[in-house]
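Below is one structure, written out as structure tokens; comments come after it.
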Amino acid sequence: MTNPDAHWLPFTPNRSFHQDPRIFVAAEGMHFTTHDGRQVLDGISSLWCVGAGHKRREINEAIKKQLDTLDYSTAFSASNDQAFEAASRIAALAPGDLNKVLFCNSGSEAVDTAMKLALAYHRARGEGHRNVFIGRERGYHGVGFGGMSVGGIPGNRKVFGTAMLPRVDHLRFIHDPVHHAYYNGIEPVWQDDLLLELENRIIPLHDASNIAAVIVEPVAGSAGWYVPPQGYLKRLREICDKHGILLIFDEVITGFGRLGVPFGADYFGVLPDMLTFAKCVTNGVIPMGGVICRDHLYEGVMQAHTRSPAHAIEFAHGYTYSGHPVACAAALATLDVYREENLFARAGEMGLLLGNAMHSALTGLPHVVGIRSLGLAGAVELVSPPGQAGKRAYDVYMDCFHQGVLVRSAGDNVVLAPAYVVDKAQIERMVSTLAQAIRRVL
Ligand SMILES: Cc1ncc(COP(=O)(O)O)c(C=O)c1O
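According to this note's numbering, the sequence shown is numbered sequentially starting from 63.
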């Protein structure tokens with residue numbers, strides 16, 4: 063007998079959930095089946111994960127085959143063939159000399175891994191004093207203590223107080239609700255130079271010689287799909303280079319095709335020192351995350367060990383399930399599907415339709431104060447009723463669900479980010495359902 067109270071849901075208003083449960087029991091393509099037998103169109107690729115759509119035969123078969131061949135093997139001091147192959151494929155897809163892959167199991171672990179690697183790298187080069195991290199307001203980097211500390215979504219931080227890393231600062235957020243509330247498929251062009259603050263306040267305050275890394279999402283996803291101003295990431299790269307600061311792109315959402323190309327680094331033409339990924343790498347089917355790092359990171363850490371004994375571990379970090387063979391088999395099959403069906407390009411094409419549909423159907427509706435789209439994702443921002451931040455967006459989410467479309471509410475935004483296999487009719491249905499819901503909420 064199932065006890066519905068036994069499951070404490072993550073990032074969920076649990077009391078409200080139990081009054082109106084939303085339980086999926088099956089999925090296929092772009093749709094879920096719910097416990098009460100309804101079909102729901104998946105408008106957010108299930109938390110930005112299911113790029114190729116649900117229940118892909120090729121991926122499921124690769125998983126089954128792997129389970130029947132090598133189910134699991136230790137990750138430490140030995141590895142498995144699938145992990146080497148998956149790392150090679152991922153490194154080959156990544157731009158520049160992002161050549162080394164460290165596997166883990168989630169985006170949160172990927173971020174904490176990248177932060178620890180930044181510390182290890184600086185220390186290996188005799189710069190162990192570089193231990194300040196710079197994140198950005200409203201950034202989301204998962205829920206580990208590192209990621210939470212560099213993250214900047216207030217609600218995710220407020221109850222964790224002194225558990226936060228002490229040596230952290232944050233860049234200003236990349237949103238101008240007055241001049242750039244609406245943009246469709248472009249990077250907004252700002253008059254202000256948002257990064258002057260980094261050069262004139264943050265770096266002098268901590269002293270450049272103490273700063274380990276800057277971490278940003280190329281497009282701020284969880285906050286509600288905010289695109290950086292034109293030239294922002296290039297300039298951020300230049301500032302980091304000037305001061306010996308590492309640049310980490312958190313590509314847990316933008317990685318593997320969301321912007322119509324493999325990574326945000328490709329889209330913006332900026333090469334970070336490390337790039338974190340998760341979600342779409344396995345089509346969300348088996349948990350997997352990772353960090354891709356450039357050659358100099360690996361070489362820097364190894365060079366510090368030229369005189370260490372052969373059995374010395376150079377980077378004391380890893381997870382029991384790092385490079386799990388079943389997850390790696392799922393990743394390899396997923397990458398095959400993306401390539402064979404040319405799904406990254408399709409994401410770009412469908413993204414144009416999504417952006418146009420959102421802007422034409424939602425502009426001017428009650429409460430709407432912004433619409434932002436780039437790649438295959440878009441957000442509509444709703445003004446909150448006084449003292450009730452996020453309520454309208456949540457009510458819209460609930461209304462859409464009852465009309466058979468799964469969207470995501472993120473603060474005062476409602477986000478659409480469907481699988482890359484979405485078609486025009488499905489985009490139109492998502493957007494018209496969203497428009498009706500916005501008209502209905504109080
Ligand atoms: C940019 C970014 N980083 C990290 C994470 C955390 O990933 P996970 O939930 O797999 O730990 C997320 C999750 O949405 C994310 O969007």
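In this text, a Cβ means the ideal position worked out from N, Cα and C, and glycines have one as well.
Predicted model only: the values in this text are computed from it and were never measured.
Sub-8 Å separation of residue i and residue j beta-carbons
i	j	result
A455	S471	yes
I489	A393	no
W110	A479	yes
A274	H358	no
T96	I106	no
L227	G208	yes
T224	V353	no
F377	L179	yes
T396	I125	no
V445	I433	no
G346	S108	yes
L337	L160	yes
A499	C462	yes
V276	L298	yes
P447	D328	no
N142	G385	yes
M177	F195	yes
V467	R491	yes
E261	I301	yes
V458	V476	yes
I307	A270	yes
H93	D82	no
Backbone secondary structure at residue i - three-state DSSP
i	result
E261	helix
T368	coil
F463	helix
Y329	helix
L438	coil
T96	strand
M350	coil
I196	strand
V64	The question names Val, yet the displayed sequence has Thr at residue 64. Of the three classes helix, strand and coil, the one that applies to T64 here is coil, per DSSP.
Y360	helix
E443	strand
L155	helix
R470	strand
M336	strand
D269	coil
V281	coil
G208	helix
N475	strand
Y202	coil
C111	coil
D231	strand
V430	strand
Y244	strand
A451	coil
V276	strand
Residue range of the unbroken alpha helix (DSSP H) whose run includes residue i
i	result
L295	294–305
V493	486–502
R408	405–424
L132	Per DSSP, L132 belongs to no alpha helix (DSSP H) and is neither H nor E.
Y183	169–186
N218	216–219
Any chain C beta carbon closer than 8 Å to residue i
i	result
M92	In summary, chain C is missing from the structure at hand, where a single protein chain is found.
Bounding residues of the beta strand (DSSP E) (the contiguous stretch that carries residue i)
i	result
N76	Segment 76–81 is the alpha helix (DSSP H) holding N76; no beta strand (DSSP E) there.
I310	308–312
H386	Run containing H386: none; DSSP gives neither H nor E here.
E90	86–90
V289	Run containing V289: none; DSSP gives neither H nor E here.
Q101	101–104
A165	Here residue 165 turns out to be Phe, not Ala, going by the sequence shown. Element bounds for F165: 160–166.
Worksheet item: Contact between the region 279–288 and the region 191–202: three or more CB pairs below 8 Å?
Response: Yes: at least three Cβ pairs fall under 8 Å.
Practice prompt. Assess, as a yes-or-no matter, whether the region 311–323 is touched by the region 258–265 under the definition of 3 or more beta carbon pairs within less than 8 Å.
Written response: no
Practice prompt. Decide yes or no for the touch test of the region 104–120 against the region 476–488: beta carbon pairs closer than 8 Å, at least 3 of them.
Written response: Segments in contact, yes.
Fill in: Inter-stretch contact (C-beta, 8 Å, three-pair minimum) for the region 381–393 and the region 143–155
yes
Discussion item. Three or more C-beta pairs under 8 Å: does that hold for the region 168–177 against the region 401–415?
Written reply: no
Discussion item. Three or more C-beta pairs under 8 Å: does that hold for the region 291–307 against the region 216–227?
Written reply: Too few Cβ pairs lie closer than 8 Å, so no.
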